[in-house]
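Encoded as structure tokens, the structure appears first; notes follow it.
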Amino acid sequence: MFGIGIFIALSLSSCKEENSNHADLAAETAKVYYEQLLNGDIAAFVDGTAMHVDVVPTYREQLETNMKMFLGQQERDHKGIKSVKKVKGTLTCPTDAEGLPKDTAHLTANAFLIFNYGDDTSEQVVVPMVRVNGTWMMK
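Going by this note's numbering, the sequence shown runs without a break in its numbering and finishes at 149.
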């Protein structure tokens, strides 16, 4: 599943800068990362965070353990997260009058997602995103 998610993210990010919707791409990438988490690929989810780069193995283990605890809490509180829906993405970096980023080397965005829970409730969450070396990652 990790390979499929990365393929989607890389395929989408390979579009020409002037033709891509940066905010939408950030939101779609966040959705893919959360779908990987829901499919049990915790390592892929952690790989989707900007903080995973160059960390000591014990810290990475803590990040993965935290995500397992998060999933457990969601299971107890809401009978688990059953699906993730992308709502929209918004750029949080400076933009021009047309809404295009002024500096594509330092892109940041918020990804708005809906978590649909097993208890038939839902919640909108905001995932801060940053583009690192051309790839959208969670902050």
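Backbone N, C-alpha and C define an ideal beta-carbon position, used for all residues, glycine too.
On the three-state DSSP scale, how would you describe residue i?
i	result
T105	strand
T131	coil
T118	strand
N76	helix
L123	strand
V142	strand
G99	strand
V66	coil
I14	For I14, the pLDDT reaches just 48, beneath the cut-off of 50, and the residue's location in the model is therefore unreliable, leaving the point undetermined.
E28	Low per-residue confidence applies at E28: pLDDT is 37, beneath 50, and the placement is therefore not dependable enough to give any value.
Give the range of the alpha helix (DSSP H) segment to which residue i is assigned.
i	result
T39	H32 to L48
A60	Careful: A60 lies outside any alpha helix (DSSP H) and carries neither H nor E.
Would you please state the rounded distance, in angstroms, between the beta carbons of residue i and residue j? I believe it to be under 8 angstroms.
i	j	result
A33	T75	No, A33 and T75 are not in contact; Cβ-Cβ is about 32 angstroms, not under 8 angstroms.
I91	L48	6 angstroms
M147	A60	4 angstroms
Measure from the alpha carbon of residue i to the alpha carbon of each residue in the options, then state which is nearest.
i	options	result
L73	R86, H88 and D57	D57
V135	D51, A121 and N31	A121
Original post:
Do the stretch 65 to 74 and the stretch 113 to 129 touch if we need at least three Cβ pairs shorter than 8 angstroms?
Top reply: Below 8 angstroms, too few C-beta pairs join the stretch 65 to 74 and the stretch 113 to 129 to call them touching: fewer than three.
Original post:
With contact counted as at least three CB pairs below 8 angstroms, one residue from each stretch, are the stretch 27 to 46 and the stretch 83 to 96 in contact?
Top reply: Yes, they touch.
**OP:** Would you be able to state if there are at least three C-beta pairs under 8 angstroms between the stretch 69 to 82 and the stretch 102 to 119?
**Re:** No: fewer than three Cβ pairs fall under 8 angstroms.
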